[in-house]
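The numbering used here applies: residue 1 is where the sequence shown begins, and numbers increase by one.
Quick reminder that beta carbons are idealized off the backbone N, C-alpha and C, glycines included.
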Amino acid sequence: MGFRNIQAKTLLTRMRHPDGWFGATDNINLYRGCQHRCIYCDTRSECYQVDTFDEEILVKANAVELLRSELAARRKKGIVSTGSMNDPYMPLEAELRLTRRTLATIAEAGWGVHITTKSALVLRDVDLLQVIGPERASVLMTVTTADDALGRMLEPYASSVSERFAALAELAQQGITTGLALMPVLPFIEDDAANIQGIIERAAECGVHYLACGFGVTLRDRQRAYYYRELERSFPGLSARYRESFGNAYYCASPRTAELQRLANALCRRYHISEDFCREPSSEPRQLNLFQALPR
Ligand code: SF4
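This is the structure in structure tokens:
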């Protein structure tokens with residue numbers, strides 16, 4: 001997949017409500033499009049207007065300069081979140097180092113960062129995360145299946161599931177706060193107890209501090225069309241089962257949600273993994289709509 005440089009007008013987007021889980025106050029996207037090409041990716045939805053999602057990556061070439069001036073203009077420091085619309089550690093980042101240069105800018109400005117990724121490339125930047133500081137830098141790794149082969153099918157160009165777990169273990173060992181995003185959990189594919197248990201037990205072995213889970217997937221317009229096409233290639237007949245079960249619903253919840261949620265809660269208690277992560281202990285815990293707040 002090729003890439004093209006573009007000039008962004010602005011970078012930092014202030015969150016209307018600071019994120020009560022991760023403490024993020026602002027969001028940035030350094031790229032448009034994502035090389036990982038997960039078959040369920042929500043960024044394909046028409047509302048995001050990333051029309052070249054599966055064709056080319058647009059690189060915000062002036063991101064570092066923009067961010068430096070936007071951070072300097074803020075009176076109060078906060079926490080920048082990245083990774084909601086694309087993966088800041090997609091393969092191209094190894095060459096361009098845009099995320100790395102952005103982290104250096106965040107460190108210089110004395111801000112915090114919250115990164116969502118499916119890539120072991122994040123390990124390259126441990127030095128900068130350490131400068132930002134363990135209490136102000138966190139990495140949320142998305143893992144939806146414990147099985148490498150299934151992961152390759154669903155998230156074809158992301159790091160393998162084993163590589164993601166190894167990265168989590170290394171990050172935790174280096175003193176970085178780590179979380180695991182167990183979402184989406186695809187109905188009829190990933191929503192079995194063995195999968196959920198396998199993921200959470202491996203997360204515990206890796207010293208993961210917190211878990212964010214959601215048992216279902218959101219689907220709309222061209223994202224749904226792409227997902228169903230890909231399902232038919234790997235699981236013939238399954239898209240018909242989705243149509244029957246969910247029609248045109250935006251949120252397609254696993255029929256096993258209650259059972260899986262209980263299992264996740266019990267495992268998190270057993271392994272001392274927080275499900276209520278919050279950077280600021282004084283802030284009120286609040287219920288998040290995880291499917292709006294978390295990575296696709
Ligand atoms: S789900 Fe995340 S990692 Fe996968 S293609 Fe979309 S933005 Fe990239």
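- Closest by C-alpha distance to Glu108, out of Glu95, Leu129 and His114, is Leu129.
- Distances from the CB of His114 to the heavy atoms of ligand 1 are all 7 angstroms or more.
- One Cα belongs to Gly23, the other to Leu11, and the distance between them is close to 19 angstroms.
- Taking a C-beta distance under 8 angstroms as the contact criterion, Thr218 and Asp42 qualify as a contact pair.
- Per DSSP, the unbroken beta strand (DSSP E) holding Tyr251 starts and ends at Tyr251 to Ala253.
- No heavy atom of ligand 1 is found nearer than 7 angstroms to the CB of Glu93.
- Each residue's CA atom was taken as its position, placing Gln174 and Thr82 some 21 angstroms apart.
- The way I'd put it, the segment 89 to 106 doesn't touch the segment 163 to 178; fewer than three beta-carbon pairs between them come closer than 8 angstroms.
- With respect to Leu186, Cys213 sits apart: the two C-beta atoms are not nearer than 8 angstroms.
- The residue among Glu275, Asp221, Asp276 and Arg262 with its C-alpha nearest the C-alpha of Tyr250 is Asp221.
- Residue state for Ala172 is assigned as helix, using DSSP reduced to three classes.
- No residue range can be given for Phe22, since it is assigned to no alpha helix (DSSP H) and is classified by DSSP as neither H nor E.
- Contact annotation: Ala120 and Ser69 have beta-carbon atoms that are not nearer than 8 angstroms.
- Per DSSP, the continuous alpha helix (DSSP H) segment holding Arg262 begins and ends at Thr257 to Tyr271.
- Annotation for Tyr210: the continuous beta strand (DSSP E) segment containing it runs Tyr210 to Cys213.
- DSSP places Gly78 outside both helix and strand once states are collapsed to three, so it counts as coil.
- Around the beta carbon of Asp26, 16 or more other beta carbons lie within 10 angstroms, which makes this residue buried.
- Remark: three or more beta-carbon pairs, one from each stretch, lie closer than 8 angstroms, so the segment 204 to 212 and the segment 255 to 275 are flagged as touching.
- Comparing C-alpha distances from Tyr40 to each of Val80, Met15, Met85 and Gln7 shows the shortest one belongs to Met85.
- Restricting attention to Met15, Thr142, Ala172 and Ser254, the CA atom closest to the CA of Thr117 is found in Thr142.
- Contiguous alpha helix (DSSP H) elements confined to the segment 65 to 135 occur at 92 to 96, 98 to 109 and 126 to 132, taking only those with 4 or more residues.
- Taking Pro91 as the centre and dropping the five residues before and after it, the same chain places the C-beta of Gln35 closer than 6 angstroms to its C-beta, in chain order.
- Under DSSP, the beta-bridge partners assigned to Lys60 are Ile6.
- DSSP, read as helix, strand or coil, puts Asn195 in helix.
- Within the same chain, Cβ atoms closer than 7 angstroms to the Cβ of Met153 are found at Ser234, the five residues on either side in sequence being excluded.
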